[in-house]
Amino acid sequence: MATRAKKRRSAKPKRLTKKDLNAMYRNMLRIRRFEEKTDEFFMAGRVKGAVHVSIGQEACSVGVCTALNDEDAILTTHRGHGHSIAKGTRMPEMMAELLGKSTGLCKARGGSMHIADISKGHYGAHSIVGANMPMATGMGLAYQLEGSGRVAVVFFGDGASNQGSFHESMNLCAIWKLPVIFFCENNHYAVSYHVERSTSVKDISVRAQGYNAPGVTVDGMDVVAVYEATAEAVRRAREGGGPSLIEAKTYRFFGHSRGDPQFGPYRTKEEVDEWRKRDPLTIAADMLKLTEAQKKAHLKAVDKELNGAIDFAEGSPEATLESALEDVYA
Amino acid sequence: MATRAKKRRSAKPKRLTKKDLNAMYRNMLRIRRFEEKTDEFFMAGRVKGAVHVSIGQEACSVGVCTALNDEDAILTTHRGHGHSIAKGTRMPEMMAELLGKSTGLCKARGGSMHIADISKGHYGAHSIVGANMPMATGMGLAYQLEGSGRVAVVFFGDGASNQGSFHESMNLCAIWKLPVIFFCENNHYAVSYHVERSTSVKDISVRAQGYNAPGVTVDGMDVVAVYEATAEAVRRAREGGGPSLIEAKTYRFFGHSRGDPQFGPYRTKEEVDEWRKRDPLTIAADMLKLTEAQKKAHLKAVDKELNGAIDFAEGSPEATLESALEDVYA
Amino acid sequence: MREITFVEALTEAHHEEMERDERVIVMGEDVELAYVFGVTKGLAEKFGRDRVRDTPISELGIVGAGVGAAMAGYRPIVEIMFMDFIMLAMDPLINQAAKLRYMLGGQLSVPLVVRTPGGGGVQYGPTHSQCLEAWFMQIPGIKVAAPSDPADAKGLMCSAIRDDNPVLVVEHKMLYKMKGPVPEGEHVTPFGQAAVKREGGDITLIGVGYQVHNCLAAADELGKEGISAEVVDPRTLAPLDTGTLAESVRKTNRCIIVEEGHLRSGVGSEISAAVQEEAFDYLDAPIGRVAALDAPIPFEPRLEDFVLPNTANVVDAAKKALGVTV
Amino acid sequence: MREITFVEALTEAHHEEMERDERVIVMGEDVELAYVFGVTKGLAEKFGRDRVRDTPISELGIVGAGVGAAMAGYRPIVEIMFMDFIMLAMDPLINQAAKLRYMLGGQLSVPLVVRTPGGGGVQYGPTHSQCLEAWFMQIPGIKVAAPSDPADAKGLMCSAIRDDNPVLVVEHKMLYKMKGPVPEGEHVTPFGQAAVKREGGDITLIGVGYQVHNCLAAADELGKEGISAEVVDPRTLAPLDTGTLAESVRKTNRCIIVEEGHLRSGVGSEISAAVQEEAFDYLDAPIGRVAALDAPIPFEPRLEDFVLPNTANVVDAAKKALGVTV
Ligand SMILES: Cc1ncc(C[n+]2csc(CCOP(=O)(O)OP(=O)(O)O)c2C)c(N)n1
Ligand SMILES: Cc1ncc(C[n+]2csc(CCOP(=O)(O)OP(=O)(O)O)c2C)c(N)n1
Ligand SMILES: [Mg+2]
Ligand SMILES: [Mg+2]
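Chains as they are written, first to last, in the working numbering: chain R, 10 to 339; chain U, 10 to 339; chain L, 6 to 331; chain B, 6 to 331.
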């Protein structure tokens, strides 16, 4: 692993073809269906613990991950199912984790908030809000040292952007020109707290100026817009240009987590309905001019995969009690 | 203590008279002499522990504190002698603290890095870099709640501006419009680490943009420039306009602390000499067109005060051992 | 006596103390709607959003701001949504709040309360289930309360708010919905006084927070076999009432300490060390400790149950101390 | 054998391990010039500023970056300038580094070393003198080393760097300039093996880090009065070699534990609890503990000396345990 040995590859973002876009639609649908199922299982008491679905935000997951290679890394949050699936995380083992089975990605220890699939460059959901940003910085440092041209993308929310870790990480990445992309999904709420109250700037992307890094705000419901902004940041990162901050304005259609209704104490049905009109799946389907039949075909294929994953998970043995004491040390 | 009871006073910054400027010169000289003595005592092994003198940065201390009322608060750093003196901290009790006497402001427990004089609105030097910013935020919150029109000023260095606490505090002050002034003394080094390497922006004041707050950079060797920028920020704060960030470019003429020479491993004699040409005392003396005789008179008065403080400290009893176990709890 | 839940008892303490002293203010994530565990319910409506305010996700900043507001004469209560997140705020709590009074020569005090839910049982996994009380016990200048029932929750919370020192109140998540008698009107429980929650003569079971209930259940089990267990709850961990704990052990000659934190260097380590110092000549068996097994707390219910201490663990440890074959 | 200082031993460990494995990197404030205590001296010149880099003052960020670099296959060593500042980095160390391997189902490991100077004696006052080892001992998934002489400093540091787990190495400031014999060439001290630093039959003195030297000095004093003290150094606190500690106590029947942290819930609490469990029947007196008095560490030299444990405290505690009137 020679230090800065290899020359950095300059990667020109590819232009999306119709086939690409179709794949992106399909991926968003995979996320949507997976999370609908997860929510259903959660309500039925079959998935335990803390579960946060990202329904409504699928364009962020898919737009970003489409711009990455397999060797690139992502680090995500408590709301990470979408990112996981978009990055290629194996769905059966992911469902097994949610159902607490021995075959789960985390061996039934981490659950929804800690899904990871290192084999796919998915370095984990991290449930401490903001904790993944310093980690991404360190991964970027490693990638720079090995001169591999790999990039690390860290997902975080509007709420997380107020953690000190954001500041320290952005500064570190900027001074060292690390290949790290800070992707902020501004879904307008941190639990019940609106971004306008929590955050002193209108566009979180403005904060990039404090680090001499580029910052852009994109439509987080438009998978192509997300892809393009990410592809540009990836190019820059691979060329040694350092970090970028991308803010995607988006919305979660469901409640924050367990027990939180879709609307109620802190947001109105009208607001949710308004955003639902901009469902990222609808937008992508419209771009693709998908017919009802085509949509059905997508759905059928996705559900087949999903049912396979569920079958795998349900058919897997429970974790043994002794396994709860393993892997504490390497 | 009625919540937001009183109307905020609008304070128009006063125009400095020659008398004011003379007082400012005198105060800078008081700091200079106090710290020269402290350094001498330190070298002689009479002042123990960690001591950081601010010689070269006196214009910051005095420029800021001249813009404050007695009821306003300051919170300072490991390098806080200057701020302390400028805010009116009792010099005899301060010297007694450095010499570890029972009459010391901190009863010989805190030493140089924790000088405080609450009776003068000096809420302490804080030796954990960056820790004073959240505290200042809380004090600003208290002042807003009591509607008193008081402001809190927090001093910190270029190095400290990279702590997460800076980010969290700026954001909190901005969303709540708290009367807090963030005063960054950019003396270009954090111990041996140059600001250009540690900090991703040229002017730290730029970071204010990330919080939708005003940020300015001023000449930290010019006491009038510092005063004016502070007075404007104070006005804004008292009127409910929220926090400001002021960056003062300055320089410490001495080493970082014990054992660190004035120049050597990380900076050159030429660099120090260059900055010494802009000694804040010289600049102020020139503005005032002080004669040699006038300067001598200042010096004499200051040394008299200083010697009185030293006499007080030397004449004070040592702290009793039992006192080391007191005041742990209220 | 009327029965209310642990959460209701805490909420009541807030209402009463905020009425009593207008310098009491509340800050935390989602506290206005009391959205997570409900302790701050109704406070924002009653006392206004100046005194009860939602904060950004900035644990360091808000605890630090709590310290500052306390320095300026207010009495802030800062909620940390899960105890695990307090790791982000160790500096303001330990390097500042706990030391400022001493370090500044007694010039001011820091009447800050930080309250936070600790412990497992809700399948939240490794980073949302920890019990870290022992850390805070080591630090001079900060007090630690760990109530185990609604009456103590109210009484200790009122004490905490009135205390001129920083206080950490640890509320176990599994207690929140538990009901119990709470006296009407002012009810203040002093710090540093352990409570004998059940008398017995054969062995002393010392329980921390929620684990008091495992001790009580174990005492029931042991009772069926003719063993009379005394259950003692220290209630505050700093100050720690070693006198009452040792007194019980001098009577029963045997002692088991039950906590939900990890064994090595846990609350039980200190209690064991202190009790053996004070009751050495009375001990007929080694002091035993029951604690979480040596792994992070996994989220899956069976695994979580396995790692956390349970009643059977307490019964077994007690029998071992009594030389009864299990 | 050649004698080198504690600092030189640590520096040597860095040089050798960095030569041995190019994935070893070093980060910290002012580490390039090794400006504060000198441990990283010469590394930047030799290995370049890519592998040895100064960082901004961002303790949370740099420890977190260490975690990330370790996740990506590097073996970072992060220096925290004073142990007290580690409070800013508890989250990456405890919620992330110590748990990631377990929490992600064993998919990766986190070979991170954090090293930091702890303790008093240099008049740096309340926020630059703390000993917080006990906190880390409670957390499954992180190891803790506390060397007391140059040979162990080198040996434990090499072990720490080669370990695939997160390791905290606590270096007492008063040890840095201490000289002692260190074998030439590769010298790796395994974790979890206490060392008997001096044999004796009447009482066991267990010392943590720098306090081993207070124990040795106390043993000298006691020897003058015909009391033969055995001095044992656990060397690593997690894993903790309770076997060797208890074995010594089974021989001497008496035990005093000496640490520089605060007494309540300190390292001594755990050692006391564990030793009495393993050696209960052999104890002829309560296990005694010597630690810092119950106050922050004041800066003034006389006051500091008063609050910190000293040789006389150890002698007195030992005599008390032996029933000798002091
Ligand atoms: C350090 C920390 N503080 C608080 C929480 C509790 N918490 C979990 S999610 C969440 C809101 C996060 O908001 P945001 O970053 O906007 O992400 P979103 O939930 O909207 O996806 C909070 C407060 C946490 N997990 N970690
Ligand atoms: C949290 C923390 N990290 C590190 C230190 C050690 N330290 C003391 S002063 C200092 C440099 C501070 O630089 P800057 O903020 O620019 O202030 P200056 O010394 O230049 O006045 C450092 C690293 C500390 N006291 N606290
Ligand atoms: Mg959000
Ligand atoms: Mg500086």
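The beta carbon of each residue, even a glycine, is placed where N, CA and C say it ideally should be.
Practice prompt. With 7 Å as the threshold, decide whether the Cβ of Tyr-107/B is near any Cβ in chain R.
Written response: Closer than 7 Å to some Cβ of chain R, the Cβ of Tyr-107/B qualifies, so yes.
Hey, would you say Glu-37/L sits closer than 7 Å to Ala-49/L, going by beta carbons?
yes
Q. Just checking, does the region 255-272 of chain L make contact with the region 94-111 of chain L on the three C-beta pairs under 8 Å criterion?
A. no
Check: Comparing alpha-carbon positions, which option in Thr-132/B, Gly-266/B and Pro-116/B lies nearest Pro-314/B?
Finding: Gly-266/B
- Task: Measure the C-alpha to C-alpha separation of Ala-294/R and Lys-309/R and round it to an integer number of angstroms.
- Result: 16 Å
- Out of Leu-290/R, Val-56/R, Thr-146/R and Gly-264/R, state which residue places its alpha-carbon closest to the alpha-carbon of Lys-278/R. Gly-264/R
### Task
Kindly list, in the order they appear in chain R, the residues whose Cβ is closer than 7 Å to that of Phe-175/U.
His-176
What in chain L is Cβ-close to Gln-143/B, meaning under 7 Å? Ala-139, Gly-266, His-267, Arg-269, Ser-270 and Gly-271
| Inter-residue Cα distance where the pair is Val-115/B and Thr-241/L | 36 Å
Based on the DSSP output, what are the partners of His-177/L in its beta bridges?
Gly-123/L
Express the C-alpha separation of Tyr-220/U and Arg-18/R in angstroms, rounding to a whole number.
For Arg-18/R, the predicted model reports a pLDDT of 49, less than 50, meaning its position is unreliable; a value from the coordinates is still stated below. If I take the Cα positions, the gap works out to 36 Å.
Is Ser-121/U helix, strand or coil by DSSP? Helix.
Uninterrupted alpha helix (DSSP H) stretches inside the region 146-206 of chain B (no shorter than 4 residues):
Fully enclosed alpha helix (DSSP H) runs of 4 or longer: 155-167.
Notebook entry, point to check: Three-state secondary structure (DSSP) at Val-72/L?
Noted result: helix
Please indicate yes or no: does the CB of Asn-196/U lie closer than 6 Å to some heavy atom of ligand 6?
With respect to ligand 6, the structure shown offers nothing to examine, as its ligands consist of ligand 1, ligand 2, ligand 3 and ligand 4.
Exercise. If we call anything under 7 Å between Cβ atoms a contact, is Glu-264/B one with Val-213/B?
Worked result: yes
message: I'd like to confirm something about Ala-199/R: is its beta-carbon nearer than 6 Å to some heavy atom of ligand 3, or not?
response: yes
What is the DSSP secondary structure of Gly-133/U, reduced to helix, strand or coil? strand
Is any heavy atom of ligand 1 found at a distance shorter than 6 Å from the C-beta of His-87/R? yes
### Message
Checking 7 Å against the spacing of the C-beta atoms, do Glu-84/B and Arg-120/B come in under that value?
### Response
Contact flag set, yes.
**Asked** Going along chain L in order, which residues have a C-beta closer than 7 Å to the C-beta of Ile-137/U?
**Response** Within chain L, the residues placing a beta-carbon under 7 Å from that of Ile-137/U are Asp-96 and Asn-100, ordered along the chain.
Whole runs of the alpha helix (DSSP H) within the region 214-268 of chain U, excluding any shorter than 4 residues | 232-247
Query - Residues of its chain near Ile-185/U, where Cβ-Cβ distance is below 6 Å and the 5 sequence neighbours each way are ignored - result: Note that residue 185/U is Trp in the sequence shown, not Ile. Residues of the same chain with their beta carbon placed closer than 6 Å to that of Trp-185/U are lacking, with the five preceding and five following residues left out of the count.
(request) Would you give the residue range spanned by the beta strand (DSSP E) that Asn-195/R belongs to? (result) 189-195
| said: Quick check: does the Cβ of Asp-35/B come within less than 6 Å of any heavy atom belonging to ligand 4? | reply: No, the beta carbon of Asp-35/B sits no closer than 6 Å to any heavy atom of ligand 4.
Worksheet entry | Lys-104/B and Pro-155/L closer than 7 Å at C-beta | no
- Regarding Asp-212/U and ligand 4, is the C-beta to nearest heavy atom distance less than 6 Å? no
- Output, in chain order, the set of chain L residues within a Cβ distance shorter than 9 Å of Lys-129/U. Neighbours of Lys-129/U on chain L: none; closest Cβ ~11 Å, over 9 Å.
Please confirm whether Ser-70/R has its beta-carbon closer than 7 Å to some beta-carbon of chain L. For Ser-70/R, the answer is no, since every Cβ of chain L falls outside 7 Å of its Cβ.
Q. Per DSSP, which one or two residues make a beta bridge with Ala-199/U?
A. Tyr-202/U
*Alpha-carbon spacing of Glu-176/L relative to Ser-134/L, whole angstroms*: Rounded to whole angstroms, Glu-176/L and Ser-134/L show a C-alpha spacing of 12 Å.
Item to check | Ala-1/U beta carbon near ligand 2 (any heavy atom closer than 6 Å) | outcome: This structure cannot settle anything about residue 1/U, because the visible part of chain U is limited to 10 through 339.
Starting from Ile-40/U, trace the alpha helix (DSSP H) in both directions and tell me its first and last residue. 27-52 is the extent of the alpha helix (DSSP H) around Ile-40/U.
What are the boundary residues of the alpha helix (DSSP H) that includes Arg-56/L?
Looking at the DSSP string, Arg-56/L is not in any alpha helix (DSSP H), and its letter there is neither H nor E.
Would a check of beta-carbon distances place Asp-157/L closer than 7 Å to chain R? Not one chain R Cβ lies under 7 Å of Asp-157/L.
Please report whether the beta-carbon of Met-92/L lies at a distance below 7 Å from any beta-carbon of chain U. no
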